[in-house]
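Below: one structure, written as structure tokens.
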Amino acid sequence: MASLEIYYTFIVCLFCFSQTTLAVDNRKFPAGFKFGVATASYQIEGGWDEDGKGENIWDHLTHVSPDLINHQSNGDISCDSYHKYKTDVALLKELGVDFYRFSLSWSRILPTGYIDGGINEPGVAYYENILDLLEENGIEPMITLYHWDLPQPLHENVGGWLNETTVDIFANYARLAFDLFGDRVKYWVTFNEPLSICQQGYETGGKAPAISDNPGVDLYICGHMVLKSHAAAYHIYDKEYKPKQKGKISIVINTNWAEPGSDDAKDVEAAERTLQFRFGWFANPIVHGNYPQVMIDRIGNRSVQEGFTQSRLPQFTDEEVESIKGTYDYIGLNHYSTSLIKWREDIEIGEPSSSKDMSVQESIDFSWETSASYWLFVVPWGMRKISKWVKDTYNNPEIIITENGYSDAGGILDDDRRINYIREYLSSLLEAIYDDEVNVTGYTAWSLMDNFEWFRGYAEKFGLYSVNFTDPERPRTPKASVDYYKSILTTRCLVEECTE
Ligand code: GBH
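Here the sequence shown stands for residues -23 to -1, 1 to 477, numbered as in mature numbering (1 follows the signal peptide of the UniProt record, and there is no 0).
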């Protein structure tokens, strides 16, 4: 029986591989389309307390609660990019990327988080050196201000993203970053994945500061503060810096594609609701000024039934709506995977939570190829569908795919599954661009190299380059995907030969 199953799987897989290979799009990426790779400060830098850097919430969490992290790993040294940035830029050069998306460690620049706490000059010099090298090598920087590493004092003393005060403190940090680096940066990202920041940081406990004692409440306060902080930074840039620096600024929002479990109108409605609760939570305010109506209605209704005196979803004032509306020069989309969504009866009233607010049934199709990450399935056509949905839902904005990538556990150099993932997702993106006329102008592979994958430590590897974490020198070795990505960068084409 077992051997029969294996036999069938083998036949099925042969079929699906040949099918997918045949389906790769042979059109060239449009002229001007940009390719890059991404990293984030806490995941690669190390040097956690060097040269005056302050402690952030990831330093703190990994040191105080090491058991939360796979193998009790942390980012104290990680890829040691604090010392090896020259090597990293050499890798970028070797790859031939158009741009490099990386994030600033707030507490490396402002050890207390506050401007008044003093600027850490070596921290500023570190990023200036990287920018100098990128410029010398003709690689454009795309800088994320906040990729999850909040200065610990702002968490401890201010309450982090649960306190309105953090909005101004973030805005001051953003202004400093524009001031210091903006003459050389054309692409800014305020926040990476507010959904992850707020839902995991302040509801499920899956990311720092791992607060989970007020489910269904704190995450929405966090979302509110992050959106206000984003808008504040956007306006500072727009008024004070954009006229001379001429860059673009936006936010990066992540979501799976939500595929309806069937053609049934209820499943279609549930899938749309899922996209609204994840992507729309942040995209709707920045495009249209306020939260999606479905969130306002559902969270409001449930809050009443739960005995709250007001909705757990905070309300924007009219002035806030006006100030948040339009705060994007492009939309940054992190997309990795797809979920199947079916309608279900609303979950009964009890302790609140965002998943009860949404009340859908989420699953996967067992035929989808897996990765080393429990949440990541290889569903290339999701890329086309989510891009088209963003186009249709938000007035055809410029879209940049700010992350997309595949994890394996071994960090194997012969990573044909990663090659296949990149090829198939980019092929689907070509269909979005040419067949659905979605205005996608760039694609970013996550990640330049294997790095600290948050609670999964070093067990899930997303890199194009492998890093040997047991060697103090942290040597980087190209995987086969480096050659493949390189070839895309030179030919702008996914197959041997493209049509013109
Ligand atoms: C990105 O998030 C991050 O920006 C990056 O730092 C990270 O290294 C990379 O992906 C790879 O993980 O537990 O059901 O809430 C990707 C989007 C969103 C994927 C949250 C994991 C957790 C699903 N992530 N998700 S759940």
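All C-beta atoms in this analysis are idealised placements derived from N, C-alpha and C, irrespective of residue type, glycine included.
- Cβ contact annotation for Asn267 (same chain, cutoff 7 angstroms, sequence separation greater than five): Asn261, Phe293, Val298, in chain order.
- Fully contained in the region 357 to 382 are the following beta strand (DSSP E) runs of length 3 or more, in chain order: 376 to 380.
- With the rule of 3 Cβ pairs closer than 8 angstroms, the region 354 to 371 counts as touching the region 300 to 314.
- Closest option to Tyr91, judged by alpha-carbon separation, among Asn33, His124, His201, Val41: Asn33.
- Boundaries of the alpha helix (DSSP H) around Met272: 270 to 283.
- For Thr468, the secondary structure class from DSSP, reduced to helix, strand or coil, is helix.
- Taking Met335 as the centre and dropping the five residues before and after it, the same chain places the C-beta of Arg250, Thr251, Phe254 closer than 7 angstroms to its C-beta, in chain order.
- Burial state of Pro192 is buried, judged by a 10 Å Cβ sphere holding 16 or more other Cβ atoms.
- Within its own chain, the residues whose Cβ lies closer than 8 angstroms to the Cβ of Ser384, once the five positions on either side in sequence are excluded, are Ser348, Ala349, Ser350, Leu353, Glu430, Glu437, Lys438, Phe439, listed in chain order.
- Taking 8 angstroms as the cut-off, one finds at least one heavy atom of the ligand GBH near enough to the beta carbon of Leu172.
- Per the Cβ contact rule, the region 117 to 131 is in contact with the region 158 to 173 (3 or more Cβ pairs under 8 angstroms).
- Thr294: not part of any alpha helix (DSSP H); DSSP gives it neither H nor E.
- In the structure shown, the three-state DSSP call for Glu414 is coil.
- CA-to-CA, the gap between Ser80 and Val144 works out to about 19 angstroms.
- For Trp258, the three-state secondary structure derived from DSSP is helix.
- Between Phe259 and the set Glu217, Lys205, Gln222, Asp244, the nearest pair of CA atoms involves Lys205.
- Ile377 and Tyr462 do not touch by the CB rule: their CB atoms are close to 17 angstroms apart, not below 8 angstroms.
- Using a Cβ distance threshold of 9 angstroms, Asp413 and Lys365 count as a contacting pair.
- Trp138 sits in a helix when the DSSP states are folded into three classes.
- Between Gly224 and Tyr164, the CB-CB gap stays under 9 angstroms.
- The beta carbon of Asn149 lies closer than 6 angstroms to those of Ile92 in the same chain, with the five residues before and after it left out.
- Shortest gap from the CB of Gly183 to any heavy atom of the ligand GBH: under 8 angstroms.
- The bridge partners DSSP lists for Ser316 are Ala235.
- Taking C-alpha positions only, Ser84 is separated from Ser173 by approximately 20 angstroms.
- Annotation: the region 182 to 245 contains the following complete segments of the alpha helix (DSSP H) (minimum length 4 residues), in chain order: 195 to 213, 219 to 222.
- Between Pro118 and Arg161, the gap from beta carbon to beta carbon is short of 9 angstroms.
- Residue burial annotation: Asn381 is buried, with at least 16 other C-beta atoms found within 10 angstroms of its C-beta.
- As a beta-bridge residue in DSSP terms, Trp423 pairs with Ala15.
- Assignment of beta-bridge partners to Arg4 by DSSP yields Thr476.
- When distances are taken from the beta-carbon of Phe259 to the heavy atoms of the ligand GBH, even the shortest one reaches 8 angstroms or more.
- DSSP places Trp165 in the strand class (E or B) of the three-state scheme.
- If you ignore the 5 residues before and after Phe256, its C-beta comes within less than 7 angstroms of the C-beta of Ile230, Thr232, all in its own chain and listed in chain order.
- Judged by DSSP in its simplified three-state form, Asn397 adopts helix.
- In the DSSP assignment, Ile308 is bridged to Ile376.
- Considering only Leu441, Met272, Val472, the residue with the shortest C-alpha distance to Ser330 is Met272.
- When DSSP states are grouped into helix, strand and coil, Arg289 belongs to the coil group.
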